[in-house]
DNA sequence: TCTGGGTACGTACTCACGGTATGTGAGTGC
DNA sequence: GCACTCACATACCGTGAGTACGTACCCAGA
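Chains as they are written, first to last, in full-length UniProt numbering: chain A, 1 to 242; chain B, 1 to 242.
Okay, here's the thing in C-alpha cells:
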C-alpha cells in the first residue's frame, strides 16, 4: 500500500532572518532542518554514545522523519561525521583564538596547552572526538580529520617551541614530537575531566608539561643535540642518577 | 512448535590433555567451548570491529550456537570484555617480561618503552584496547581495566625514573606524569603502526622520548625543583633561543 | 544399575534499529 | 498558470542482539 496522503508538515522550523541570507526560502528551510538534525545528533551522541542514539530518536528530536535525514545524509555514520567535523572545527578555533597575539614560543605553548586542556574537558569533544571517533570513523578517517584541525594546532606550537631551541629539527621528528604531545595532552585531558577535582588536576598537568618544556630549555641551553641515530645511547652514556 | 529433537552435537572440540587438568570431562568441554568463543571473538573483533562482528558469525566460527554463547556470557559486551581482558593481560605480561632484570631506572624506562611500542603495534591491541575499548566499555570501565594492567606498568617505570632524580614526588604528581607518558606512548604507538615505515617511526619515537627523559636528567643535575604552584613562570623567565 | 538433578548447550522466536522504495505537496523558474 | 523538482513523509524490509524454552548428556547418590 502506498503511503497515505497525509496533511503537509513542511512548515519552517526557523523563520530565517532576512539579514544576509541570499538563498531562497526552500534553501533556507532545508539548511535549517539540516542544522537541526546535526544539533540534535550532537546532543544525543554526546549523551548516549553513537550506538545507543537511535536514528528514530534523533529525527524525533529534530521533529522530522527518516526521510529527511536520508535526504541530507547518506546514513548514520555520515551524520556522525558532520557532528564530528563541527566539534573539531569549534575546538580548533577555540585553540587558535587562545594563541592569538602570543609571540614568544613558550608563552604560546602554555596558552595552547591551557586552551587544549579546556577543550578536551568539554563532554562533546571527549565523547565524540576522543572516545567514539576512532571506532566509528575508523582510525584512518579519524586521523585524517584530526590532522587538519586540532592536531595542526599542536604541530604549530611544537614547531615554534622546538625551533626556538638551538636545534634544527627535520619534519619527521617534529611530527613525532607533536604526536607525543598530542597524545599526552589528550590522555591528560581525559584524566583531568574525570578527576574529582578537575581544577587541581589541570594544574598538575600544566605543571608537568611545563616541567618537560623546561627540560627542553635546559638541554637547549647546554647545547645538547638531538640524537639522530638509534636511541639515546650515543651521547647519553650509561646515565646514573647524578 | 517446540524445537525438534535433533541429533546430538555435543562432541568434544578439544580432547583435553589429561595432564594437569583435575576437572571433569564436562567441565573440560565447557571450558574448551568458552575458550573457542573468546578465540573467535578476538579474531573477528580485531578484523571487523565490534559492531561489524555479529554474534551469528562468531558462534558459527566457534561451531556452536547462540545458546552456548549466552550460557557463558551475559551478552555481546561481556564477550568483548573477556577478549579485552585477555589482550590486556597479555600485553601487561609482555611488558613485565621486558622489564625483568633491569635495575637501572633509565635502562628500565627504555626497555619498557620499547616493549610498550611493540605491544601497541599489535593489531589486536590497537583495535580492541585502544580503538574500540573506550567506546564499547565506556570510558570509566575502560579506565578501570587499564589502571590495573598496562597503565600500572607505566606508572611503575615513571615512579622509578622520577624518584631517581633529586626530587621527591607526591603520588598525585606521579600519576599525572604517568598519565602523560601513557597517552604519549599510546598515541605515538598508533602513529608508528600506521606509518609506512614503522621501524623508522619507532626509532623516532624512542629518540623523542629519550630526549625528554634526558631533559629530566638535566634538570635533576641542575637541582631544579618541580614547581609546585601555578606554572613555569617562576624560574622560567622569558627564554629566547640562547 | 537406575534415577533425579543440573549443566551445557540447541532451536525458534521477538523486537529494535538501520536502511530503502516510493509517494506527495510546496516552491520555483518559465 | 504550469511543469518540474526539491525536500521531505510513509510504509516497508533485512539484520542482528537478546530471550524462552526444550533437550541431551554427565555425575552423584541410592
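Beta carbons: idealized from backbone N, C-alpha and C, even for Gly.
Does the structure place the segment 168-182 of chain A close enough to the segment 200-213 of chain B that three or more beta carbon pairs sit under 8 Å? Short answer: they touch.
Supposed contact pair residue 78 of chain A and residue 161 of chain A - C-beta distance, whole angstroms, cut 8 Å: Rounded, the Cβ-Cβ distance is 38 Å, inconsistent with contact.
Positions along the segment 71-94 of chain A whose CB lies within less than 7 Å of some CB in chain B: Contact residues of the segment 71-94 of chain A toward chain B are absent (C-beta to C-beta distance below 7 Å).
Neighbour-count burial assignment, residue 199 of chain A, 16 or more Cβ in a 10 Å radius: So residue 199 of chain A ends up on the exposed side.
Just to confirm before moving on: does the CB-CB distance between residue 130 of chain A and residue 186 of chain A stay below 8 Å? A contact, by the Cβ cut-off of 8 Å.
With DSSP collapsed to three states, give me the class of residue 106 of chain B. In the structure shown, residue 106 of chain B sits in a helix (DSSP, three-state: H, G or I).
For residue 76 of chain A, count the other beta carbons within 10 Å of its own beta carbon; 16 or more makes it buried, fewer makes it exposed. Which is it? Classification for residue 76 of chain A: buried.
Where does the unbroken alpha helix (DSSP H) through residue 148 of chain A begin, and where does it stop? From DSSP, residue 148 of chain A is part of no alpha helix (DSSP H); its letter is neither H nor E.
Rounded C-beta distance between residue 87 of chain A and residue 124 of chain A? I'm assuming under 8 Å. About 5 Å separates the Cβ atoms of residue 87 of chain A and residue 124 of chain A, confirming a contact at the 8 Å cut-off.
Give, in chain order, every residue of the segment 210-227 of chain A whose Cβ lies closer than 9 Å to some Cβ of chain B. Hits within the stretch, in order: 210, 211, 212, 213, 214, 215, 216, 217, 218, 219, 220, 221, 222, 223, 224, 226 and 227.
Residue 168 of chain A to residue 220 of chain A, Cα distance in whole Å? So the alpha carbons of these two residues sit roughly 11 Å apart.
Nearest-angstrom Cα separation, counted from residue 91 of chain B out to residue 72 of chain B: Straight through space, the alpha carbons of residue 91 of chain B and residue 72 of chain B are spaced by roughly 24 Å.
Using a C-beta cutoff of 8 Å, does residue 121 of chain A count as contacting chain B? So no, residue 121 of chain A is outside the interface.
Check whether the Cβ of residue 125 of chain B lies closer than 8 Å to any Cβ atom in chain A. False, the Cβ-Cβ gap to chain A never drops below 8 Å.
Is there a Cβ of chain A sitting closer than 8 Å to that of residue 250 of chain B, yes or no? Here chain B covers residues 1 to 242 and nothing more, so residue 250 of chain B does not appear.
For the UniProt DNA-binding region "H-T-H motif" (54-73) of chain B, which segments carrying the alpha helix (DSSP H) assignment without a break, of at least 4 residues, lie completely within its bounds, in sequence order? Here the runs fully enclosed are 55-61 and 66-72.
Comparing alpha-carbon positions, which option in B:115, B:156 and B:163 lies nearest residue 97 of chain B? Closest by alpha carbon: B:115.
On the three-state DSSP scale, how would you describe residue 50 of chain B? It is coil, neither helix nor strand.
Does DSSP put residue 197 of chain A in a helix, in a strand, or in coil? Look at residue 197 of chain A here: in three-state DSSP terms it is coil, with no helix or strand label.
Exposed or buried, what is residue 183 of chain A when buried is set at 16 or more other beta-carbons lying within 10 Å of its beta-carbon? Under this definition residue 183 of chain A is a buried residue.
Between which two residues does the alpha helix (DSSP H) holding residue 24 of chain B run? According to the DSSP assignment, residue 24 of chain B belongs to no alpha helix (DSSP H), since it is labelled neither H nor E.
Residues near residue 66 of chain A by beta carbon distance below 7 Å, same chain, minus five either side: These residues qualify, in order along the chain: 55 and 59.
Whose CA, out of B:157, B:196 and B:154, lies closest to the CA of residue 172 of chain A? Nearest of B:157, B:196 and B:154 to residue 172 of chain A, Cα basis: B:196.
Going along the chain, which residues of the segment 166-184 of chain A sit with their C-beta nearer than 9 Å to a C-beta in chain B? Of all residues in the segment 166-184 of chain A, only 166, 172, 173, 175, 176, 177, 179, 180, 181, 182, 183 and 184 place a beta-carbon less than 9 Å from a beta-carbon of chain B.
Given a cut-off of 8 Å on the beta-carbon distance, is the pair residue 145 of chain A and residue 84 of chain A in contact? Taking 8 Å as the Cβ cut-off, residue 145 of chain A and residue 84 of chain A qualify as a contacting pair.
Measure the C-alpha to C-alpha separation of residue 21 of chain B and residue 30 of chain B and round it to an integer number of angstroms. Reliability fails at residue 21 of chain B, whose pLDDT of 49 lies under 50, so the model's placement of it is uncertain and the value that follows must be treated cautiously. In a straight line, the C-alpha of residue 21 of chain B is about 13 Å away from that of residue 30 of chain B.
In whole angstroms, give me the CA-to-CA distance for residue 127 of chain A and residue 127 of chain B. Rounded to whole angstroms, residue 127 of chain A to residue 127 of chain B spans 18 Å at the Cα level.
Euclidean distance between Cα positions of residue 82 of chain A and residue 151 of chain A: C-alpha of residue 82 of chain A to C-alpha of residue 151 of chain A: approximately 18 Å in a straight line.
Quick one, which of A:111, A:68 and A:142 has its alpha-carbon nearest residue 33 of chain A's? The shortest Cα separation from residue 33 of chain A among A:111, A:68 and A:142 belongs to A:68.
What residues in the segment 184-198 of chain B have a beta carbon less than 8 Å from any beta carbon of chain A? If the cut-off is 8 Å between Cβ atoms, the segment 184-198 of chain B has 184, 185, 186, 187, 188, 190, 191 and 194 near chain A.
Kindly give me the distance between the Cβ atoms of residue 112 of chain B and residue 153 of chain B, rounded to whole angstroms, as I take these residues to be in contact under 8 Å. Contact holds; Cβ gap of about 7 Å.
Chain-ordered chain B contacts of residue 208 of chain A [CB-CB under 9 Å]: 173, 176, 177, 179, 180 and 226, listed in chain order.
Here's the rule: buried if 16 or more other CB atoms are within 10 angstroms of the residue's CB, otherwise exposed. What is residue 170 of chain A? With fewer than 16 Cβ atoms within 10 Å of its Cβ, residue 170 of chain A is classed as exposed.
For the alpha helix (DSSP H) that contains residue 96 of chain A, what are its first and last residues? First-last of the alpha helix (DSSP H) with residue 96 of chain A: 76-99.
Could you tell me if residue 140 of chain B is buried or exposed, where buried requires 16 or more neighbouring beta carbons within 10 angstroms of its beta carbon? With fewer than 16 other beta carbons inside 10 angstroms of its own, residue 140 of chain B counts as exposed.
State the Cα-Cα distance for the pair residue 222 of chain A and residue 217 of chain B, rounded to the nearest angstrom. For residue 222 of chain A and residue 217 of chain B, the distance between alpha carbons rounds to 12 Å.
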